[in-house]
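First the structure, in the form of structure tokens, and then the observations on it.
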Amino acid sequence: MKRADPKEISVAELHHYLTGAVGPRPIALASTVDAEGKPNLSPFSFFNIFGANPPMAIFSPARRGRDNTTKHTFHNVKAVPEVVINVVNYAMVQQVSVASGEFADGVDEFTKSGLTPVASEKVRPFRVKES
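Residue 6 is where the sequence shown starts when you use our numbering, and the numbers rise one by one after that.
Structure, rendered in structure tokens:
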């Protein structure tokens with residue numbers, strides 16, 4: 006049996022243990038917009054459903070283990086507190102993998118991945134048609 010004390014191991018090693026503990030993990034494809042309305046699309050494996058009353062789907066844009074930076078999604082949600090959680094299905098796995106690339110700020114992952122943006126009804130970020 007392995008033993009892991011979070012006070013004695015690196016964050017990267019702890020991250021590895023945590024992600025290995027829950028599998029298979031669902032993937033959230035989070036769609037946001039920045040302050041100027043430019044879309045952003047990014048997958049997150051720290052995602053799950055926490056309740057039905059009230060309905061709560063939660064994702065966590067955690068810091069990157071290699072350099073402690075945050076994703077554009079994090080900055081967008083701070084600027085425009087709206088997000089669409091799109092569920093990833095098998096047919097779109099390759100496109101989601103492309104969307105996970107580290108593109109420069111302002112690059113449209115919908116365009117890069119070939120996924121189709123669909124206007125949302127109540128929030129500014131787009132939905133993903135393929136989801």
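The beta carbon of each residue, even a glycine, is placed where N, CA and C say it ideally should be.
Could you compute how far the alpha carbon of residue i sits from the alpha carbon of residue j?
| i | j | result |
| --- | --- | --- |
| Ile63 | Val93 | 15 Å |
| Pro48 | Leu23 | 18 Å |
| Met61 | Met6 | 34 Å |
| Thr75 | Lys12 | 23 Å |
| Ile32 | Arg68 | 17 Å |
| His20 | Ser102 | 20 Å |
| Ala9 | Ala17 | 12 Å |
| Arg71 | Gly106 | 15 Å |
| Val27 | Ser65 | 15 Å |
| Lys132 | Asp110 | For the sequence presented, residue 132 should be read as Arg rather than Lys. Distance between the alpha carbons of Arg132 and Asp110 is about 20 Å. |
| Phe115 | Pro59 | 30 Å |
| Val98 | Asp113 | 18 Å |
Do you know whose CA, among the options, lies nearest residue i's CA?
| i | options | result |
| --- | --- | --- |
| Phe52 | Val85, Val38 and Val89 | Val89 |
| Phe108 | Glu135, Pro86, Glu126 and His77 | His77 |
Along the chain, where does the alpha helix (DSSP H) that runs through residue i open and close?
| i | result |
| --- | --- |
| Phe115 | Glu114 to Ser118 |
| Ala124 | Per DSSP, Ala124 belongs to no alpha helix (DSSP H) and is neither H nor E. |
| Asn73 | Per DSSP, Asn73 belongs to no alpha helix (DSSP H) and is neither H nor E. |
Within the 8 Å Cβ cut-off, does residue i reach chain D?
| i | result |
| --- | --- |
| Val27 | Any reference to chain D falls outside this structure, which holds one protein chain only. |
Beta carbon of residue i, beta carbon of residue j: below 8 Å?
| i | j | result |
| --- | --- | --- |
| Ala104 | Leu120 | yes |
| Arg30 | Ser15 | no |
| Ala35 | Ala84 | no |
| Asn45 | Asn73 | no |
| Gln100 | Ser125 | no |
Write down the C-beta distance between residue i and residue j rounded to the nearest angstrom, noting that I regard them as a contact closer than 8 Å.
| i | j | result |
| --- | --- | --- |
| Pro122 | Val38 | That pair is no contact at about 10 Å. |
What are the boundary residues of the beta strand (DSSP E) that residue i is part of?
| i | result |
| --- | --- |
| Phe55 | Phe52 to Ala57 |
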